[in-house]
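All remarks here apply to the structure that follows.
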Amino acid sequence: MNLSKLHAYSAACHLIQLLQKKEVPFFLEQRMAEQLGHTDASIPLSEFSDKVDVVFVLGGDGTLLGIARKLAKYDLPILGINVGNLGFLSEAEPSDLSTAVDRILKEDYCIEKRLMLQAELLRNGKVIERGIALNDVGIAKGSFSRMVTCTVYMDGLYLGAYSGDGVIISTPTGSTAYSLSCGGPIVWPGIQTILLTPICPHTLTSRPMVLPKDCTLEVQVSAKHNEMSLTIDGQVGFSLQSEDIIRVQASSYNTQLIKWKERSFFEVVRKKLHGENK
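First residue of the sequence shown: 9, per our numbering; consecutive thereafter.
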């Protein structure tokens, strides 16, 4: 939970009260347990897989992305409760907590297994950093008016060279995030694919590409400066040097998002991105 979010504290207290009323045992991540005064329910995230059936995440999309990466290897279903702004990945609102708890206890939901990406940073032929992403892997310049060239290979075959601000490699889940703002397509999350989206390319012929899930992408960066970075879900960053290679492929882990059966992806897109109420 992100307690810096407005209404997060009150929503968390309400959720705990609902679970206690229904005599449902619950556990809290250690820092959250201390802040809420429930240290008796405190356990580290590493023990969630042994004691927890469903994870409630209170926050915005950023909070959910961070938890998804930390819990990826445990295959735990996650219900996002939006106390942030957009809340594209969340399925419940603080005003619906009582209904959400009832539906979880009745198992009145479905689980969407979302593709994740594995990224490796290679320097001089050695892997020096690793990470997994639910949304995207970004490779971008760090300073204004300076260009970076990303030379991309797919399964060893030359795909193209993109000069500009960098490239984004994203999952279908991430297609509605950074990739979308750079002109990438919206992809239905049930499609298993990887997207490659140039960031402000300096040629009109550079366009987003939809690539197979089982491919391996290698991106070599080159520039006359070292103000470049690799970012994981826009949250974890590593500095890049010219001639570094970033290798990206589908992760062996999936994020399991809890979704209500009657709520379609297209409804979420209309409401969150177009502001429709229907």
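C-beta atoms are modelled at their ideal positions from N, C-alpha and C, and glycine is treated no differently.
Query: Cα-Cα separation between L167 and V277, rounded to whole angstroms; Result: 31 Å
Query: Beta-carbon gap between V256 and V145 smaller than 9 Å; Result: yes
Query: Residue interval of the alpha helix (DSSP H) (run including G70); Result: 69-79
Query: 8 Å contact criterion, which Y82 and F56 should meet: CB distance rounded; Result: 6 Å
Query: Inter-residue spacing [alpha-carbon to alpha-carbon] between D110 and P85; Result: 16 Å
Query: Close beta carbons around T159, own chain, < 6 Å, minus the five adjacent residues each side; Result: A169, Q228
Query: Residue range of the alpha helix (DSSP H) that includes K279; Result: 273-281
Query: Reduced DSSP secondary structure (H/G/I, E/B, other) of G182; Result: helix
Query: Cβ-Cβ distance between H46 and P102 below 9 Å; Result: no
Query: For M162, the first and last residue of its enclosing beta strand (DSSP E); Result: 156-162
Query: Nearest to E120 (by Cα), restricted to the options T224, G68, P180; Result: P180
Query: Given I202 as reference, the closest of I176, L248, A20, E37 once Cα atoms are compared; Result: I176
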